[in-house]
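Respectively, the protein sequence lines represent chains A and B. Per numbering that gives the first Met the number 0, residue 0 is the first one in the first sequence, and the count goes up by one each step. Per numbering that gives the first Met the number 0, residue 0 is the first one in the second sequence, and the count goes up by one each step. Structure, as structure tokens:
2 protein chains.
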Amino acid sequence: MATLNRPKAPDRHVCGIDTAMEVIGGKWKVLILWALHEQPHRRFGELRRLIPGITEKVLASHLRELEADGIVDRVSYDEVPPRVEYALTKAGIRLNEALEPLAAWGRERQEAS
Amino acid sequence: MATLNRPKAPDRHVCGIDTAMEVIGGKWKVLILWALHEQPHRRFGELRRLIPGITEKVLASHLRELEADGIVDRVSYDEVPPRVEYALTKAGIRLNEALEPLAAWGRERQEAS
DNA sequence: CTGTTCGCTCACCTCAGGGTAACCACCCAC
DNA sequence: GTGGGTGGTTACCCTGAGGTGAGCGAACAG
Chain A
0 MATLNRPKAP
10 DRHVCGIDTA
20 MEVIGGKWKV
30 LILWALHEQP
40 HRRFGELRRL
50 IPGITEKVLA
60 SHLRELEADG
70 IVDRVSYDEV
80 PPRVEYALTK
90 AGIRLNEALE
100 PLAAWGRERQ
110 EAS
Chain B
0 MATLNRPKAP
10 DRHVCGIDTA
20 MEVIGGKWKV
30 LILWALHEQP
40 HRRFGELRRL
50 IPGITEKVLA
60 SHLRELEADG
70 IVDRVSYDEV
80 PPRVEYALTK
90 AGIRLNEALE
100 PLAAWGRERQ
110 EAS
């Protein structure tokens, strides 16, 4: 994303918002968070089906980024066919709570238009 | 930004958050909002100086997008040298309020690291 | 023996958001 | 006359996030 500063350089972070934007600044990240908010334990294929339009590659990379940021937990069961479950961490749950007012603002704006 | 869906197609908007993300999904948008939050009436040059690293072109285009989205008001005084002031609209003020919890989450995360 | 499910990985390519730099008209101070 | 400050515009270029499509390695169904 040219959009947001992925480089994670120690500079900037003028206000807390851009710190948060680094975490949620992927095209589908908030939708992933939303899906995991509705039901905490989701499998990879479930998420793919819940988020129409996302490709497997991008879903996998976004999940790995969210995991690295401590937002989601990834649990892999050693079965065959393989099973992997994703869940929000405590930080992820609090992030979702912090996003609630923004979601409300967005819903309000949708209705207004 | 390949990052977020600028096309403003009437599709998607699964939850309110991505509606909001369309508005704040520019590299510097939240910093502009932050600067206008601290003091409501800012001139173009003030904003440029408050946001180190932003170029004039990008600041101008972001301001025009925020204006089109009804987030900021642009008032041009017919003087010479020209004077232009930017201020948050009511929607912009409420957006900033909705961003507060996210900013708090970000600040908390900065301190934790 | 073919197809399907599952959760990915790899290689390649596109495209638009953003960066760079020059330029505009106008006025003032030096 | 030249330099600075005002608020931009225009042209071009570049990077990287994200899209495309293929494959993989077991197991189980038909």
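Glycine residues also receive a C-beta, built at the ideal position from the N, C-alpha and C atoms.
Hey, quick one: how far does the alpha helix (DSSP H) through residue i stretch, first residue to last?
i     : result
A/V79 : Element bounds for A/V79: n/a, residue is neither H nor E.
A/I92 : K89 to A111
B/Q61 : Per the sequence shown, residue 61 of chain B should be read as His rather than Gln. Note, B/H61: alpha helix (DSSP H), E55 to A67.
A/I50 : A/I50 -> no alpha helix (DSSP H), and no H or E assigned at all.
B/I16 : G15 to I23
B/K28 : K28 to E37
Measuring alpha carbon to alpha carbon, tell me which of the options ends up nearest residue i.
i     : options                       : result
B/R82 : B/E45, B/I70 and B/P51        : B/E45
B/Y76 : B/G52, B/R42 and B/S60        : B/R42
A/Q38 : A/A86, A/I16 and A/S60        : A/A86
A/D17 : B/D17, B/E66, B/G25 and B/V79 : B/G25
B/G52 : B/V79, B/E78, B/W27 and B/P80 : B/W27
Within this structure, are the beta carbons of residue i and residue j separated by less than 9 Å?
i      : j      : result
A/A135 : B/W104 : A query on residue 135 of chain A cannot be resolved here, the shown segment of chain A reaching from 0 to 112 and no further.
A/L62  : B/L101 : no
A/L35  : A/V71  : yes
A/E84  : A/R73  : yes
B/G69  : B/T54  : no
With a CB to CB cut of under 8 Å and the five nearest residues on each side skipped, what residues in its chain are close to residue i?
i      : result
A/S112 : none
A/C14  : none
B/L113 : For chain B, the structure presents residues 0 to 112; residue 113 of chain B sits outside this window and is missing.
A/S60  : none
Cβ-heavy atom distance between residue i and the ligand MG below 8 Å?
i     : result
A/V57 : Here there are no bound small molecules, and the ligand MG is not part of this structure.
Might you give, ordered along the chain, the residues of its own chain that have their beta carbon closer than 6 Å to the beta carbon of residue i, omitting 5 neighbours on each side?
i      : result
B/V22  : D68
A/E110 : none
B/D40  : Inspection of the sequence shows that residue 40 of chain B is occupied by His rather than by Asp. Result list for B/H40: E84 and A86, in chain order.
B/E66  : R73
To which residues of the same chain is residue i closer than 7 Å at the C-beta, ignoring the five residues directly before and after it?
i      : result
A/E78  : none
B/E107 : none
A/P80  : none
Fill in: Sufficient close CB pairs (3 or more, under 8 Å) joining the region 42-61 of chain A to the region 93-111 of chain A
no
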